[in-house]
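Have a look at the structure below, then the notes.
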Amino acid sequence: MREAEPGVTSWVEVINYVRLRYEVLEESDVWLRFRLETNGTRTQQVSVHHITDDGGAAWVELSSPVGRAGDVDLLRFLELAGQSQVGGAAVVDGVALLKHIAPLEELSVREEFERPLQLLVGRADAIEHELTSADHF
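Going by our numbering, the sequence shown opens with residue 7, and the numbers climb by one from there.
What follows is the structure, encoded as structure tokens:
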């Protein structure tokens, strides 16, 4: 796939990039959920959402779960998330997540999508392993 010049990246390009490289588990018009291999036999799920802010600007949001919020030490989760190079901590629908957001308009798929994706997924998997000793996500 040819990477677009800055300023012309589209949501379709992001979708195609993910479909070509990863195992897509679910998708809709505005999000994809897929799986990446991490260390050894472990895997990690990640979602990418196409969102628009109040001013109409388009963004790409990456999120990766670390555990069910009721099953993890949320204070420890916040401490571990604070050590991450990318992303921040959130709880959505009862799931503790690491999340990262980037503007779609200027998105370089290699530098501003793939690199944060790998960092986010690696950190989410390490936090999941530390907090739950499991590989649910």
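We put the CB at the ideal spot given by N, CA and C, even for glycine.
Beta-carbon proximity list for Glu118, same chain, < 8 Å, skipping 5 on both sides: Residue 118 sits at position 112 when you count from the first residue of the sequence shown. When the five nearest sequence neighbours on each side are left out, the beta carbons in the same chain lying within less than 8 Å of the beta carbon of Glu118 are those of Ala108, Glu112, in order along the chain.
Check whether Val24 and Val18 have beta carbons under 8 Å apart: Sequence index remark: in the sequence shown, residue 24 carries index 18 (1-based). Sequence index remark: in the sequence shown, residue 18 carries index 12 (1-based). Their beta carbons are not under 8 Å apart, which means Val24 does not touch Val18 by this criterion.
Closest by C-alpha distance to Ser69, when choosing among Asn22, Glu136, Arg116, Leu42: Numbered from 1 along the sequence shown, position 63 holds the residue referred to as residue 69. If we check each option's Cα against that of Ser69, Leu42 comes out closest.
8 Å Cβ cutoff met for Gln3 and Leu125: It is not possible to answer for residue 3, since the shown part of the chain is limited to 7 through 143.
Segment contact, 8 Å Cβ cut-off, at least three pairs: the region 69-82 with the region 100-107: A contact is defined here as three or more CB-CB pairs under 8 Å, and the region 69-82 meets this definition with respect to the region 100-107.
For Glu33, the nearest candidate out of Trp65, Val54, Ser139 (CA to CA): On the sequence shown, position 27 is the one that residue 33 refers to. For the residues Trp65, Val54, Ser139, the minimum Cα distance to Glu33 belongs to Val54.
Status (buried if at least 16 other CB within 10 Å, exposed otherwise) for Leu86: Working through the sequence shown from its first residue, we reach residue 86 at position 80. Buried, because 16 or more other Cβ atoms sit within 10 Å of the Cβ of Leu86.
Chain-order list of residues whose beta-carbon lies under 7 Å from that of Ile21 (same chain, five-residue window excluded): Within the sequence shown, numbered from 1, the residue matching residue 21 stands at position 15. Cβ within range, chain order: Leu38.
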